[in-house]
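Asker: In this note's numbering, the protein residues as written are 4 to 304. Where a beta carbon is used, it is the ideal one built from N, C-alpha and C, also for glycine. This structure is in structure tokens; I'll ask about it shortly.
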């Protein structure tokens with residue numbers, strides 16, 4: 004698991020809430036009921052963050068007061084909160100709230116969404132979905148979460164593969180419903196961001212300028228910047244860096260390529276600069292990340 008910068012430490016950083024980061028997640032993906040952890044804590048989860056986990060919290064009965072990124076909002080069943088790594092979040096549940104929490108290491112989700120990398124950009128911000136979604140959509144979310152919970156407690160063959168696949172499906176469900184909500188509001192910026200992300204996907208290893216990307220999708224640089232910030236909460240440059248970082252993590256976690264070769268594949272001329280780029284965003288050096296990923300994924304002999 005990745006360490007974080009010292010200036011982030013006043014907010015607790017956990018593997019799962021209340022568990023030290025050094026504790027390994029069972030089989031990577033983790034699933035539990037809301038009550039299993041919260042009922043013994045007075046139904047309150049204090050502000051904290053996870054350095055390497057995406058989390059989906061699905062409320063099927065009851066309600067929760069959630070806070071994240073300086074916002075406070077109510078989750079009234081059916082509702083879902085999606086929390087990416089390093090976002091400070093907290094919950095106050097009404098007693099006997101029913102639901103499921105799914106935690107997915109970023110390396111596993113990135114691998115699971117390798118064929119849909121643009122989705123990761125949309126999942127890199129705190130999202131909430133509520134009862135405004137059609138009932139059938141919530142049936143699908145409940146099914147995905149319940150089967151994740153079932154598979155987590157099962158020792159059948161292929162358990163880890165099933166957990167990873169279902170987690171990717173749940174993440175896709177979240178991304179699609181979040182997109183539908185933005186498009187349904189009449190927001191014209193989503194298609195611009197989609198075109199931009201498609202261009203980034205095709206050329207993230209190149210040193211493309213903001214002006215070039217804007218020209219290729221037919222908008223001004225300022226309009227592209229506004230669209231990206233409005234839809235994703237991030238600048239175009241940050242989204243490009245995020246995509247390069249996703250690929251860097253994938254190559255470090257799932258290949259034996261030397262760090263210099265990883266840097267070259269991602270368009271960095273200097274391996275030392277790549278290492279600084281990686282450390283500044285992940286909090287650890289590339290080789291250290293590779294060893295931690297090996298531990299988390301259980302790839303050591």
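(1) Going straight from the alpha carbon of residue 3 to that of residue 262, what length do you get?
(2) Taking all protein chains shown into account, do 16 or more other C-beta atoms lie within 10 angstroms of the C-beta of residue 189, making it buried, or fewer, making it exposed?
(3) Around the C-beta of residue 79, are 16 or more other C-beta atoms found within 10 angstroms, so that it is buried, or is it exposed?
(4) Roughly how many angstroms separate the alpha carbons of residue 238 and residue 220, rounded to a whole number?
(5) Are there 16 or more other CB atoms within 10 angstroms of the CB of residue 29, so buried, or fewer, so exposed?
(6) Return the chain-ordered list of same chain residues with a C-beta closer than 8 Å to the C-beta of residue 245, the five sequence neighbours on each side being excluded.
(7) State the CB to CB distance for the pair residue 104 and residue 35, rounded to an integer number of angstroms; the pair is presumed to be in contact (CB under 8 Å).
(8) If residue 164 sits next to residue 115, beta carbons under 8 Å apart, how far is it from one beta carbon to the other, in whole angstroms?
(9) Taking the alpha-carbon of residue 178 as reference, which of 223, 214, 84 has the nearest alpha-carbon?
(10) Is residue 186 helix, strand or coil when you go by DSSP?
(11) Nearest CA to the CA of residue 63: which residue from 100, 251, 192?
(12) Among 293, 265, 147, whose alpha-carbon lies nearest the alpha-carbon of residue 175?
(13) At what residue ranges does the region 122-166 contain a whole run of the beta strand (DSSP E), taking only runs of 3 or more?
(14) Apart from the five residues on each side of it in sequence, which residues of its chain come closer than 6 Å, Cβ to Cβ, to residue 27?
(15) DSSP three-state label for residue 108, please.
(16) How close, in whole Å, do the beta carbons of residue 296 and residue 256 come, if the pair is a contact with beta carbons under 8 Å?
(17) Return helix, strand or coil for residue 32, following the three-state DSSP convention.
(18) What's the C-alpha gap between residue 45 and residue 173?
(19) So, is residue 292 buried or exposed, given that buried needs 16 or more other C-beta atoms within 10 angstroms?
(20) Please classify residue 74: is it buried, with 16 or more other beta-carbons within 10 angstroms of its beta-carbon, or exposed?
Answerer: If we stick to the structure as given:
(1) Because the chain spans 4 through 304 in this model, residue 3 falls outside it and cannot be assessed.
(2) For the purposes of this step, residue 189 is identified with residue 186 of the chain shown, where counting begins at 1. In this predicted model, residue 189 has a pLDDT of only 42, less than 50, meaning its place in the structure is not dependable; the value taken from the coordinates is given anyway. Exposed, by the Cβ-count rule.
(3) Working through the chain shown from its first residue, we reach residue 79 at position 76. With fewer than 16 other Cβ atoms within 10 Å, it is exposed.
(4) Locating residue 238 in the chain shown gives position 235, where the first residue counts as 1. Locating residue 220 in the chain shown gives position 217, where the first residue counts as 1. Straight-line Cα distance between these residues: approximately 16 Å.
(5) If you number the chain shown from 1, residue 29 lands on position 26. Confidence in residue 29 is poor, its pLDDT being 47 and thus under 50, which makes the residue's placement unreliable; the coordinate value appears in the next sentence. Label assigned to residue 29: exposed.
(6) Position 242 of the chain shown, counted from the start, is the residue given in the question as residue 245. Excluding residues within five positions, the ones whose Cβ falls inside 8 Å are 123, 124, 127, 237.
(7) Within the chain shown, the letter at position 101 stands for residue 104. Within the chain shown, the letter at position 32 stands for residue 35. Residue 104 to residue 35, Cβ: 6 Å. Contact.
(8) The count along the chain shown starts at 1 and reaches residue 164 at position 161. The count along the chain shown starts at 1 and reaches residue 115 at position 112. Not really, about 10 Å apart at Cβ, beyond 8 Å.
(9) Taking the first residue of the chain shown as position 1, residue 178 is located at position 175. Here the closest residue by C-alpha is 84.
(10) By one-based count along the chain shown, residue 186 stands at place 183. Model confidence at residue 186 stands at a pLDDT of 44, short of 50, so the residue's coordinates are unreliable; what they give is reported in the following sentence. Residue 186: helix per DSSP, three-state reduction.
(11) In the chain shown, counting from the first residue as 1, residue 63 sits at position 60. Of the candidates 100, 251, 192, the one whose C-alpha sits nearest the C-alpha of residue 63 is 100.
(12) Taking the first residue of the chain shown as 1, we reach residue 175 at position 172. The shortest C-alpha separation from residue 175 is found at 147.
(13) 130-132
(14) As a first step, residue 27 is located in the chain shown; it is residue number 24 there, counting from the start. Interpretation of residue 27 is limited by its pLDDT of 45, a score under 50 that renders its predicted location unreliable; the figure taken from the coordinates is listed afterwards. Closer than 6 Å at the Cβ level, and outside the excluded window around residue 27, lies no residue.
(15) Mapped onto the chain shown, residue 108 falls at position 105. Three-state result, residue 108: strand.
(16) Along the chain shown, read from residue 1 onward, the residue named residue 296 stands at position 293. Along the chain shown, read from residue 1 onward, the residue named residue 256 stands at position 253. The Cβ separation is near 4 Å, so the contact holds.
(17) As a first step, residue 32 must be located in the chain shown, where it is residue number 29. Three-state DSSP puts residue 32 in coil, outside helix and strand.
(18) Sequence index remark: in the chain shown, residue 45 carries index 42 (1-based). Sequence index remark: in the chain shown, residue 173 carries index 170 (1-based). Taking the straight line joining both Cα atoms gives about 28 Å.
(19) Position 289 of the chain shown, counted from the start, is the residue given in the question as residue 292. Under this definition residue 292 is a buried residue.
(20) As a working mapping, residue 74 is identified with position 71 in the chain shown. Burial state of residue 74 is exposed, judged by a 10 Å Cβ sphere holding fewer than 16 other Cβ atoms.
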